[in-house]
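Taking this note's numbering, the leading residue of the sequence shown gets 7, the next gets one more, and so forth. C-beta: ideal position from N, C-alpha, C; glycine also. What follows is one structure encoded as structure tokens, with my remarks underneath.
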Amino acid sequence: MRRAPIGALVALCACATPTTTWRPATGAIRSSAGFSLRLPPGWMVLSRGPSSTNGFIAASRDGPGLQCIAAGVTALGPEGSPALNALAAWQRLPLYGSGGSGSGRALFIVSSSLGGEASPPEVVAFSGVPVAGLPGFRAEMAFVDPRGMPVRALVLGAISGDWVYWILYAAPARHYYELDLPTFEDVATTFRVGPLPRPPTEPPP
Numbered sequence: 007m008r009r010a011p012i013g014a015l016v017a018l019c020a021c022a023t024p025t026t027t028w029r030p031a032t033g034a035i036r037s038s039a040g041f042s043l044r045l046p047p048g049w050m051v052l053s054r055g056p057s058s059t060n061g062f063i064a065a066s067r068d069g070p071g072l073q074c075i076a077a078g079v080t081a082l083g084p085e086g087s088p089a090l091n092a093l094a095a096w097q098r099l100p101l102y103g104s105g106g107s108g109s110g111r112a113l114f115i116v117s118s119s120l121g122g123e124a125s126p127p128e129v130v131a132f133s134g135v136p137v138a139g140l141p142g143f144r145a146e147m148a149f150v151d152p153r154g155m156p157v158r159a160l161v162l163g164a165i166s167g168d169w170v171y172w173i174l175y176a177a178p179a180r181h182y183y184e185l186d187l188p189t190f191e192d193v194a195t196t197f198r199v200g201p202l203p204r205p206p207t208e209p210p211p
């Protein structure tokens, strides 16, 4: 199957979202949220700008509607699955932007609707594993996007205190997921967390 390069896909949205851009990924990519990863040649990373990613990283080779590797940090709350919370955070990323509505407010959407689900995501496999040298988990998920296309996702999460540092991969279940899964597994081995902020010290008596 011939795949359109990410540059062509981004060009389709350029007139609607000049502030949401992608650039070649080179070397280690460090986030202001305290983690880093390394992407292979040929991948593009979402640039920071007016459409702030708030410390998140998102990357793709052919366009986020075909495959997307993302990383971020979310709070470890008492309720909800940390894997589902990570997936929800990714779904809110401004991977592409549409023009403003009549009220002038920008509406952000994900190319090919991969970032929104028509069916609730299901955790099909979950196991506790170390991630980035920290206690963590590995979760495989599945959902159907608004167009009716099955999507698979894999989330790895590292737990540090009240926070979950995660890296995920999402792609259409048919063909693309298995195609780039080995690449994600390689990228996941480069995922680093830290240096973590030092805990506050108590004042001397």
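The segment 124 to 137 makes no contact with the segment 26 to 38, as fewer than three CB pairs between them are under 8 Å.
Phe-149 counts as buried, since at least 16 other C-beta atoms from the protein chains shown sit within 10 angstroms of its C-beta. A distance below 9 Å separates the beta carbons of Phe-197 and Ala-164.
With distances taken between CA atoms, Glu-184 lies nearest to Arg-158 out of Pro-126, Ile-63, Gly-142 and Arg-158. When secondary structure is reduced to three states using DSSP, Val-135 falls in the coil class, being assigned neither helix nor strand. Sixteen is the threshold: when 16 or more other Cβ atoms of the shown chains lie within 10 Å of the Cβ of Phe-143, as they do, the residue is buried. Annotation: Phe-62 is outside any alpha helix (DSSP H) and is labelled neither H nor E by DSSP.
The beta-carbon separation of Ala-65 and Thr-80, rounded to 18 Å, does not stay under the 8 Å limit for a contact. Of the candidates Leu-187, Leu-174 and Phe-132, the residue whose Cα lies closest to the Cα of Leu-93 is Leu-174.
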